[in-house]
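Participant: Just so you know, our numbering puts 11 at position 5 of the sequence shown, and the rest follows in order with no gaps.
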Amino acid sequence: MRGHIRNRGTKSKPNWAYVVDTGYDAEGKRIRPWVSGFSTEEEAEDALARALADIQNGNPLAKNKPKRESVFGKKEGQQTVAEYLRGWLQHKELRDTSHYDYNYLIEHHIIPGIGDILLVNLDGGRIKEMYDGIKAYSLSVRQKVDGLLRSALEVAVKDKILLSNPCFKDLRPRKESKWSSQKISYGIDEVDSLDLAFDLDDMDDLEPFRAMNDEQLARFIDVIIGTRFYAAHLLTVRRGLRRGEVLGLRVRDMDFKRHTLLIRRSLVVCNGKRVFHPPKTERSRRTIILTSELEIVLEEHLGKQREEKMKRRDTYKDIDMVFATQDGYPYQPNLFVKRHFKPLLVKAGLPDFRYHDLRHTAASMMLKDDVGIQVTSEVLGHSSEAFTFKVYGHLLPSMQKMALARSDKKN
7 MRGHIRNRGT KSKPNWAYVV DTGYDAEGKR IRPWVSGFST EEEAEDALAR
57 ALADIQNGNP LAKNKPKRES VFGKKEGQQT VAEYLRGWLQ HKELRDTSHY
107 DYNYLIEHHI IPGIGDILLV NLDGGRIKEM YDGIKAYSLS VRQKVDGLLR
157 SALEVAVKDK ILLSNPCFKD LRPRKESKWS SQKISYGIDE VDSLDLAFDL
207 DDMDDLEPFR AMNDEQLARF IDVIIGTRFY AAHLLTVRRG LRRGEVLGLR
257 VRDMDFKRHT LLIRRSLVVC NGKRVFHPPK TERSRRTIIL TSELEIVLEE
307 HLGKQREEKM KRRDTYKDID MVFATQDGYP YQPNLFVKRH FKPLLVKAGL
357 PDFRYHDLRH TAASMMLKDD VGIQVTSEVL GHSSEAFTFK VYGHLLPSMQ
407 KMALARSDKK N
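Structure representation (structure tokens):
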């Protein structure tokens, strides 16, 4: 029985391997399995010696995979899940907000459940236990945890640290929507395209939602008229802007001559600080058509804001915000909802809608008015029409019936 080693890579990028000549198969062909992936000649020699000893002792030929130094820290057999995920995040190129959100999910949801387990011992059962431990959180949060973990472990598979990804499809957090028989989930290939930044991605649209009906919407509009952020709420419920997009608007983004509004940034909170970030995708960077109703309300709002600026000109910080505090600064998103949205729901006698539900209301009303999936998707800034259909497709049959009924009446 013979064997030898060879560098199958280059001097700068070595890939040492060994081969063992174990005889011939039934067809008379030589059996010479190669095992590669060793960074040094010594590692390959040691592995070859172990392989020959195994064969001589009657044991099956082991792969003797090298214990490589992972770019994420310790040798692959010694890393805990926590060490691996922290190293993975450190080497992943992300925007500040995304990095903050990834780190929060890792430290507060994943590591408490499975962080102390050796990466090579992680299995589906342990992951399921971790998911069971965070069931109190929303479906959106649990899906983000799932997407992050599967994406990180897929890198471990590609780097040959793991043979397969233990975070498999059947473990994905799912919930039957009250408004649809569709199950909500997403795969590894969607993680980078949808991403996990809470205010900027499409993921919040996947969480089961409520949209206002005609009567509720009328009551809501009645109570917002004359309030400080009447224009912001009306713009959201008519055009489906995300909260961060509304609060990130600047005066330069509006063109009343062309009756358009440009979505070019979003206001988000990162490490407790308000920062602006551009949209994640080209479809989120979009132009929205304004109706005369919206233009009138926006012009009135800007007029009142200019009056505030004059009264406080000594302290006013003018950074061109459409919706600002009395001192000109961008509004803190959570305070905006707490102080200028939730009390209005109570005043109107409405259920406890999320601010994001105004976006769903806008989408529902557009589909009800026969705007169509394609245009609705463009207005909302979704990554694709397929995503829009995934979220709102269950509304279409009833909308179609209503449209046909109107058509029948005309004829």
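We put the CB at the ideal spot given by N, CA and C, even for glycine.
According to the Cβ coordinates, are D27 and G9 closer than 8 Å?
Facilitator: Taking 8 Å as the Cβ cut-off, D27 and G9 qualify as a contacting pair.
Participant: Run the CB neighbour count on F215, radius 10 Å, all protein chains shown included, and call it buried at 16 or more, exposed below.
Facilitator: Answer is buried; the Cβ neighbour count reaches 16.
Participant: In chain order, which alpha helix (DSSP H) runs of at least 4 residues are fully inside the region 136 to 179?
Facilitator: Counting whole runs of 4 or more residues, the region 136 to 179 contains the alpha helix (DSSP H) stretches 145 to 164.
Participant: If I measure Cβ to Cβ from S290 and keep anything under 6 Å in the same chain, skipping five residues before and after, which residues do I get?
Facilitator: Contacts found: G387.
Participant: Would you mind sorting E182 into buried or exposed? The rule is 16 or more other CB atoms within 10 Å of its CB.
Facilitator: Annotation note: pLDDT 47 at E182 (below 50); position unreliable, no value reported.
Participant: Using DSSP with H/G/I as helix, E/B as strand and the rest coil, what is F395?
Facilitator: Three-state DSSP puts F395 in a helix.
Participant: Within 10 angstroms of its Cβ, does N219 collect 16 or more other Cβ (buried), or is it exposed?
Facilitator: N219 comes out exposed.
Participant: Roughly how many whole angstroms lie between the Cα atoms of V77 and E99?
Facilitator: Summary for V77: the model assigns pLDDT 47, below 50, so the residue's position carries little reliability; its value from the coordinates is reported in the next sentence. Those two C-alpha atoms are separated by around 15 Å.
Participant: Going by Cα to Cα distance, which pick from I112, K263, A238 and L273 is closest to Q5?
Facilitator: Examination of residue 5 is not possible in this model, given that the chain is present from 7 through 417 alone.
Participant: For the beta strand (DSSP E) containing A23, name the first residue and the last one.
Facilitator: From DSSP, the beta strand (DSSP E) with A23 extends over W22 to D27.
Participant: Do the region 114 to 122 and the region 84 to 92 touch if we need at least three Cβ pairs shorter than 8 Å?
Facilitator: The region 114 to 122 vs the region 84 to 92: in contact.
Participant: State the Cα-Cα distance for the pair Q222 and R234, rounded to the nearest angstrom.
Facilitator: Cα to Cα, the separation comes out at about 21 Å.
Participant: Over what stretch of residues does the alpha helix (DSSP H) that includes G250 continue unbroken?
Facilitator: Per DSSP, G250 belongs to the alpha helix (DSSP H) from R249 to L253.
Participant: Grab me the residues of Y361's own chain with a C-beta within less than 6 Å of its C-beta, minus the 5 sequence neighbours each way, in chain order.
Facilitator: Here the set comprises R249, V343 and F347.
Participant: Quick check: what's the CA-CA separation for N13 versus K166?
Facilitator: Cα to Cα, N13 sits roughly 19 Å from K166.
Participant: What is the rounded straight-line gap between the Cα of P20 and the Cα of A53?
Facilitator: Cα-Cα distance, rounded: 16 Å.
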